[in-house]
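Asker: Protein chains in written order, with our numbering: chain P, 4 to 159; chain H, 4 to 159; chain C, 4 to 159; chain B, 4 to 159. All residues carry an ideal CB built from backbone N, CA and C; glycine is no exception. Remember, it's a predicted structure, so these values are computed and weren't measured experimentally. My questions all concern the structure below.
4 protein chains.
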Amino acid sequence: MIHQLITDVDGVMTDGKFFYTESGKIMKQFGPHDNDGIKMLRVHGIKTHAITADERGFLITKKRLDDIGVPLTLVSENYRLNFIETNFGFQYTAFVGDGFYDFECLSKCQIGYAPKNATEHAKNHADHIIPCNGGEGVLLYVALDILQRENYETNT
Amino acid sequence: MIHQLITDVDGVMTDGKFFYTESGKIMKQFGPHDNDGIKMLRVHGIKTHAITADERGFLITKKRLDDIGVPLTLVSENYRLNFIETNFGFQYTAFVGDGFYDFECLSKCQIGYAPKNATEHAKNHADHIIPCNGGEGVLLYVALDILQRENYETNT
Amino acid sequence: MIHQLITDVDGVMTDGKFFYTESGKIMKQFGPHDNDGIKMLRVHGIKTHAITADERGFLITKKRLDDIGVPLTLVSENYRLNFIETNFGFQYTAFVGDGFYDFECLSKCQIGYAPKNATEHAKNHADHIIPCNGGEGVLLYVALDILQRENYETNT
Amino acid sequence: MIHQLITDVDGVMTDGKFFYTESGKIMKQFGPHDNDGIKMLRVHGIKTHAITADERGFLITKKRLDDIGVPLTLVSENYRLNFIETNFGFQYTAFVGDGFYDFECLSKCQIGYAPKNATEHAKNHADHIIPCNGGEGVLLYVALDILQRENYETNT
């Protein structure tokens, strides 16, 4: 049983890339279908919480997450595991991550998901590999998988 | 016989991705060849009408569709099926969509097309899968398929 | 023997995509390696001339082509074949194009090249398919192919 | 034994593409995971130095490299080999490059790495092909490979 989904942003809801001008990091590219997945989970009482280690791009990420009503916390990579344990616990928690240092969260949380193009290290520690790349709708497939495990209908 | 093509925009005429700065959603990336397909259909009297559920990006989408002379209506996902039935009817109507909730329109319209990288759910309900991704010329291949069925020449 | 290379821009030197804000078409994404190919040809006396049918994006395209010293002419798709015949002739001319309506130029010019992700119609009329997509260095591979046919050294 | 990593930027830390408006080259897209690799090497005393031949995009590149604390030098393609020999020597030096003219550096440096989507010429002269494209985390895989050869732990 899953109570909450904790998700990394860059590499999950984006393709991990970011745009620089001479002024610095100014833009990110978000993908389709994620919001459909988040809304499906919400209907069934499963909350989504996003975390990011990207301090320079934080306000960009925050704007997107605010637009779709998902809380976001800036958490450095070293503190990520502790943050989840303290605020949510590992049981009843699904985690989605793609980076090298996500492996502990992927292992410890009840279910760990990695996008198809995650680092090899993340994929080796995930319970399930999502069949699309970051930024191509990962959270829709995560939501469908969670709801299927819980035997919820998904209006299909 | 097809009288009109109704097409979703994001994920069909774009790759579904959109760009955020700290100010919000500011940019989309449109693809090649779609306008060639729309013009081919127009020559044969088949009109194209675009619909979108993306309220935040509406003015961006509107600017592009205005530039190529295609009418655009903002229609929420829940009202999409009703919008097509009321304004066009399902018969003589071809529909192109990629999202999870497009499945009903894809089923009910006379022909339903989904891009190669549409959600599995959309592809399962489409009559034809277009051999390219959203934003890579989907509407050209849709137009060629429609005209071939109608036995029109396409100047080749 | 090749005297000049005529190249389309969008879909050859870019991936064919273009960026819209609420203000309209504002940006294109050019790719690597093309300039290396153009410089190789220049060393051997083979000139490159670019053509585009994209009126709205013309000043963007012009800025890039100016930066690398390649002349650019705005030519509508219908007039493209005539433009090449009048200004260059088909003999001694290599052409690179990806769009549906490039098929005549690809057929008539001495050598016709199409990128790997060109429309099926363009690829069916090209003499050679370049083993990379538009925007990924097509003109480098075109240049290497032209120089190999002419038995020039390419500093390898 | 490797003392320093010299890396090209465009096509290694980016996908090689760059963005033009009517004002010229204004933006580049950097990728994920590279900074994780650079930090891993730094912990083990291996320095990273970036070189670029892109004069027009130099201030964009400089901003990104400053943000992650990696020195950057503008070096034209012809002077690249000489620059490495003079400042670092070829022994104890790993090099990453993707372009046609990187072949000499890839051959002469102790280890030469090329991304999966490098030019054929670069890949033919590299010691190792990295299993991802430029802009998708090349430097993480380079770092893991270097540290594995040196038998360092990578916290896994």
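#1: Within the same chain, show all residues whose beta-carbon is closer than 8 Å to that of H/VAL73, passing over the 5 residues directly before and after it, in chain order.
#2: Nearest-angstrom Cα distance between B/LEU84 and B/CYS108?
#3: Taking any Cβ of chain H, which residues in the region 46-62 of chain C have a Cβ under 9 Å from it, in chain order?
#4: Using a Cβ-Cβ cut-off of 8 Å (strictly less than) and excluding sequence neighbours within five positions of B/SER110, which residues of its own chain qualify?
#5: Quick test of your reading: C/THR24 and H/ILE63, contact by CB under 8 Å. State the CB separation rounded to the nearest angstrom.
#6: Work out the CA separation of P/LYS28 and P/ARG3 for me, nearest whole Å.
#7: I need the straight-line Cα distance from H/GLU88 to B/LYS31, nearest angstrom please.
#8: Find the nearest neighbour of H/ASP148 within the set H/PRO134, H/GLY138, H/GLU139, judged by alpha-carbon distance.
#9: What is the DSSP secondary structure of B/ILE29, counted as helix, strand or coil?
#10: Excluding five sequence neighbours on each side, which residues of the same chain lie with their C-beta closer than 7 Å to the C-beta of H/PHE61?
#11: Does DSSP put P/GLN151 in a helix, in a strand, or in coil?
#12: Taking the continuous alpha helix (DSSP H) assigned at C/ALA125, which residues delimit it?
#13: Got a sec? Which residues, its chain only, sit under 6 Å from H/TYR144 by beta carbon, not counting five neighbours each side?
#14: Let's test the definition: count the other Cβ atoms within 10 Å of the Cβ of B/ASN154 and tell me whether it reaches 16, buried, or not, exposed.
#15: With a threshold of 8 Å between beta-carbons, can C/GLY102 be considered close to chain H, or not?
#16: Check for me: the alpha helix (DSSP H) holding B/PHE61 runs from which residue to which?
#17: Pick out whichever of P/LEU75, P/THR122, P/HIS36, P/GLY140 has its Cα sitting closest to the Cα of B/ASP39.
#18: Along the chain, where does the beta strand (DSSP E) that runs through H/PHE106 open and close?
#19: Which same chain residues, not among the five before or five after B/ILE114, have their C-beta less than 6 Å away from its C-beta?
#20: Which term fits H/ASP69, buried or exposed, when burial requires 16 or more other beta carbons within 10 angstroms of its beta carbon?
#21: According to DSSP, which residues form a beta bridge with P/GLY100?
#22: For P/GLN7, does the count of other Cβ atoms within 10 angstroms reach 16, so buried, or fall short, so exposed?
#23: State yes or no: is the C-beta of P/GLY34 within less than 8 Å of the C-beta of P/GLY100?
#24: What number of angstroms, rounded off, separates the C-alpha of H/TYR116 from the C-alpha of C/LYS66?
#25: Rounded to the nearest angstrom, what separates P/HIS47 and P/ARG152 at their Cα positions?
#26: Where does P/GLY40 sit, in a helix, a strand or coil, going by DSSP?
#27: Beta-carbon of C/ASP13 versus every beta-carbon of chain H: anything under 8 Å?
#28: Closer than 9 Å between beta carbons: that is the criterion. Which residues of the region 130-154 of chain B meet it against chain P?
#29: Measure the CB-CB distance between B/ILE5 and B/ILE49 and report whether it falls below 8 Å.
#30: Closer than 9 Å by beta-carbon distance: list the chain B residues that pair up with P/THR89, in chain order.
#31: Could you give the DSSP three-state label for P/ALA117: helix, strand or coil?
#32: Which one of C/LEU142, C/ARG45, C/CYS112 has the shortest CA to CA distance from C/PHE93?
#33: According to DSSP, what are the bridge partners of P/LYS20?
#34: Contact check, C/ASP11 vs C/ASN136 under 8 Å by CB: the rounded distance?
#35: Cβ closer than 7 Å: which chain P residues qualify as neighbours of B/ARG83?
#36: What residues of chain P sit near H/GLU25, judged by a beta carbon separation below 7 Å?
Answerer: If we stick to the structure as given:
#1: ILE41, THR51, HIS52, ALA53
#2: 6 Å
#3: ARG59
#4: HIS128
#5: 6 Å
#6: Chain P is shown from 4 up to 159; residue 3 of chain P falls before or after that span and cannot be answered.
#7: 45 Å
#8: H/PRO134
#9: strand
#10: THR55, LEU77
#11: helix
#12: 123-128
#13: ILE133
#14: exposed
#15: yes
#16: 61-70
#17: P/THR122
#18: Here H/PHE106 belongs to no beta strand (DSSP E); instead the alpha helix (DSSP H) covers 106-111.
#19: ALA97, ASP130
#20: exposed
#21: For P/GLY100, which the question treats as bridged, DSSP gives no partner whatsoever.
#22: buried
#23: no
#24: 38 Å
#25: 13 Å
#26: helix
#27: yes
#28: PRO134, CYS135, GLY138, GLU139, GLY140, LEU143, TYR144, LEU147
#29: yes
#30: Going along chain B, no residue has its Cβ under 9 Å from P/THR89, so there is no contact; the nearest lies around 22 Å.
#31: strand
#32: C/CYS112
#33: Beta-bridge pairing links P/LYS20 to no other residue.
#34: Contact flag wrong, Cβ pair sits at about 14 Å.
#35: Result: empty, since nearest Cβ-Cβ is about 23 Å, beyond 7 Å.
#36: LEU62, ILE63, LYS66
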